Amino acid sequence: MMRKDIHPKWYPNAKVICNGEVVMEVGSTSPELRVDVWSGNHPFYTGEQRIIDSGGQVERFMNRLSSYSKAKEDATKRQTKAIQKAEQRFAKQQLAALDLNDRVSQILLDNNIVTVGDLSTRLDKNIKSLLAIEGLTQPDLDNAKTVLEKAKANFLARV
17 MMRKDIHPKW YPNAKVICNG EVVMEVGSTS PELRVDVWSG NHPFYTGEQR IIDSGGQVER
77 FMNRLSSYSK AKEDATKRQT KAIQKAEQRF AKQQLAALDL NDRVSQILLD NNIVTVGDLS
137 TRLDKNIKSL LAIEGLTQPD LDNAKTVLEK AKANFLARV
């Protein structure tokens, strides 16, 4: 047997009110329910792309998102600058930093090719002038180019 007066009053036709108008009736323990959103005006059900902003949440999220994007751009810029500086430092190194054949190193030094940048520039833009140097052959230059590329990759990997 159920005890009397312990259960709340049940309203089988409680009114659901949204934006000042009754939108439906449901059973509830309150005579009326006030809601901000219901299936008749929720974008998911209506297909609208309207965003209901409660308390500036969307704006705060967009601010956070833009600050993240700015931080990412700044990090990319810093990384790019660091790589450029590292490439400049690499180009200023003496040829001795490369593991070139002693004979090839000496020939290059005798012809005023002293830094890695000098060698790199000549290999990229004016290889014929290198081949014109007495004692340098195409295999020597191919080997120098390979050694230069490996050394550059190793040097830039530390950045």
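With my numbering as the guide, the letters of the sequence shown map in order to residues 17 to 175. Ideal placement from N, C-alpha and C gives every residue a C-beta, glycine not left out. Since this is a predicted model, take the numbers as computed values, not measurements.
| Asked | Found |
| --- | --- |
| Could you check which residue in Ser55, Tyr27, Glu89, Ala107 has the C-alpha nearest to that of Glu176? | Residue numbering for the chain in the displayed model covers 17 to 175; residue 176 lies beyond these limits and cannot be assessed. |
| Helix or strand or just coil, what does DSSP make of Glu41? | strand |
| Between Leu157 and Val132, is the Cβ-Cβ spacing less than 8 Å? | no |
| Going by DSSP, what residue range makes up the beta strand (DSSP E) through Val232? | The first residue shown for the chain is 17 and the last is 175, placing residue 232 beyond what the model contains. |
| Which residues share a DSSP beta bridge with Glu89? | DSSP output for Glu89 lists no bridge partner at all. |
| Give the straight-line distance between the Cα atoms of Ala98 and Gln122, rounded to the nearest whole angstrom. | 32 Å |
| Below 8 Å between beta carbons: does that hold for Lys20 and Thr45? | no |
| If you check the beta carbons only, do Phe77 and Lys168 fall under 8 Å apart? | no |
| Since Arg50 sits in a beta bridge, which residues does DSSP pair it with? | Ile33 |
| Anyone know if the C-beta pair for Ala160 and Leu135 falls short of 8 Å? | yes |
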